[in-house]
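To convert a position in the sequence shown, counted from 1, into my numbering, add 572.
Yeah, the Cβ is synthetic: ideal placement off N, Cα and C, and Gly gets one too.
These numbers come from a predicted model, not from an experiment.
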Amino acid sequence: MKGFGSDNHAGVLPEALAAIAAANDGHAPSYGHDPITERAQARFRALLGDDARAFFVFNGSGANVLSLRAVLRPWEGVIVAETAHLNTDEGGAPEAIAGVKLLPVATPDGKLTPELVRTRLVRVGDEHAVQPRVVSITQATELGTVYAPEEMRALADLAHAEGLLLHVDGARIANAAASLGTSLRAVTTDAGADVVSFGGTKAGLLLGEAVVLLGDAGGAAATAMPHLRKQTLQLASKMRFVAAQFEALLSEDELWRRATGHANAMAARLAAAVADVPGVEITQVVQANAVFAILPEGVAEALRAEWAFYDWDERRREVRWMCSWDTTPDEVDAFAAAVAEACSGAAAGASRRRTGGGG
573 MKGFGSDNHA GVLPEALAAI AAANDGHAPS YGHDPITERA QARFRALLGD DARAFFVFNG
633 SGANVLSLRA VLRPWEGVIV AETAHLNTDE GGAPEAIAGV KLLPVATPDG KLTPELVRTR
693 LVRVGDEHAV QPRVVSITQA TELGTVYAPE EMRALADLAH AEGLLLHVDG ARIANAAASL
753 GTSLRAVTTD AGADVVSFGG TKAGLLLGEA VVLLGDAGGA AATAMPHLRK QTLQLASKMR
813 FVAAQFEALL SEDELWRRAT GHANAMAARL AAAVADVPGV EITQVVQANA VFAILPEGVA
873 EALRAEWAFY DWDERRREVR WMCSWDTTPD EVDAFAAAVA EACSGAAAGA SRRRTGGGG
């Protein structure tokens, strides 16, 4: 059933499949010692700067855990938004695999600010307390909001002034850059990031993410990364098939921007289409490819007879609608019409109950 459940539900970009097929011609050295992987790493350097060091991995959880292992010692912790994927959807992997403590902060929109981060900069030097070492932000956030480059830079400046590092969980980093109309470098290197979990799957790849080390901090971790990647079970033997997809995604014609920009545009179209439907309350500004909305009682259940999507906060009847690279305008319009019809039916039912009517 096609719907608005997740950008992970979508298929694979044709260009990525073509890259995989092309990489399947003949033999190549394993574990990333092949020309395709070298070219993909060169694309990262071309886009993010000469100091960018990209290490390809299987999935986002692996990218995040590996990023933290690369820069943290056992007594150090990570300041994150309470809604961060690291905190809510990694199944405890940062704690279990990386052995680090998360230091969550409540935020209204999924975004950390310097003021919020400062609330966790306490007991520094106290041997009895976990020491903050990394500020981790999600770009775009789990609530579909996007950090402007200057917001990222403010966090990076604070982190660096306090001896901390800035990690970017960039599962949807391409969506963020497309939303802002900026380069990928503007929301990574130029914004002061030290480590980036660079997403590919949600942008339309079959599988694959990259841990990208940047600047001096990245250089210090780069020597350890090959060993840590192997220990973290993220070293692909036939890595060329992961790397080939990134070479296509990061090509000079900016496939990443076209794919994620379309997903963003479909989310904006959906939000505009349902904004004035009685009973629908959009709860977050729509900046990337997600729409969050509170629906009248019973509407979500009625819609799921035909459409796939997830609850976000069941207590408030808040749902999340995600758009993908292959979401079509016709699908958006049909779903918006279904939302309007279901809300109208719910309102009529509520009116009958109030007046004691039957039917």
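Legend entry - For Met-894, the nearest candidate out of Gln-703, Val-677, Leu-684 and Gly-716 (CA to CA): Minimum Cα-Cα distance from Met-894 among the listed residues Gln-703, Val-677, Leu-684 and Gly-716 corresponds to Gly-716.
Inset, instruction - List the DSSP bridge partners of Ala-894. - result: The displayed chain sequence assigns Met, not Ala, to residue 894. DSSP lists Ala-862 as partners of Met-894.
Legend entry - Distance between Gln-711 and Gly-772 (C-alpha atoms, nearest Å): Between Gly-772 and Gln-711, the alpha-carbon positions lie close to 13 Å from each other.
Legend entry - Cross-strand partners of Glu-648 (DSSP beta bridge): Gln-703
Legend entry - contact_flag[the region 755-766, the region 601-613] where n(CB pairs < 8 Å) is 3 or more: no
Legend entry - Residue nearest to Gly-621 in terms of C-alpha spacing, selected from Gln-856, Asp-788 and Asp-905: Selected option, being the one with the closest Cα: Asp-788.
Inset, instruction - Tell me whether the beta-carbon of Pro-704 lies closer than 8 Å to the beta-carbon of Ile-651. - result: yes
Inset, instruction - May I ask which residues mark the beginning and end of the beta strand (DSSP E) holding His-739? - result: 737-742
Inset, instruction - Quick one: measure Cβ to Cβ for Ser-769 and Ser-639, integer angstroms, because I've assumed they're closer than 8 Å. - result: 5 Å
Legend entry - Residue burial classification, Arg-887 (beta-carbon count within 10 angstroms, cutoff 16): exposed
Inset, instruction - Rank Gly-663, Arg-690, Arg-744 and Leu-752 by C-alpha distance to the C-alpha of Ala-728 and give the top, closest one. - result: Arg-690
Legend entry - Rounded separation between Val-643 and Ala-793 - CA only: Near 6 Å, if we compare the C-alpha coordinates of Ala-793 and Val-643.
Legend entry - Cβ pair His-739, Val-767 closer than 8 Å: yes
Inset, instruction - Could you work out which residue in Gly-780, Ala-912, Ala-820 and Leu-684 is closest to Ala-844 when comparing CA atoms only? - result: Ala-912
Inset, instruction - Check Lys-673 in the structure and name its three-state DSSP category. - result: Strand.
Legend entry - DSSP state of Gly-771 mapped onto helix, strand, coil: strand
Legend entry - DSSP-derived helix/strand/coil call for Thr-761: If DSSP states are grouped into helix, strand and coil, Thr-761 belongs with coil.
Inset, instruction - Please go through the same chain and pick out, in chain order, the residues whose beta-carbon is closer than 6 Å to the beta-carbon of Ala-701, but skip the five residues on each side of it. - result: Answer for Ala-701: Arg-695, listed in chain order.
Legend entry - Sequence-distant residues of the same chain with beta carbon closer than 6 Å to Gly-604, five excluded per side: Excluding sequence positions up to five before and after Gly-604, its CB lies within less than 6 Å of the CB of Met-811, all in the same chain and listed in chain order.
Legend entry - Gly-870 versus Ala-910: straight-line alpha-carbon distance, rounded: Cα-Cα distance, rounded: 13 Å.
Inset, instruction - Pick helix, strand or coil for Ala-626, following the three-state DSSP scheme. - result: strand
Inset, instruction - Name the one or two DSSP bridge partners that Asp-606 has. - result: For Asp-606, which the question treats as bridged, DSSP gives no partner whatsoever.
Inset, instruction - May I ask you to verify whether the region 876-883 touches the region 807-825, counting CB pairs closer than 8 Å and requiring at least 3? - result: no
Inset, instruction - Assign Trp-879 to one of three DSSP states: helix, strand, or coil. - result: For Trp-879, the three-state secondary structure derived from DSSP is coil.
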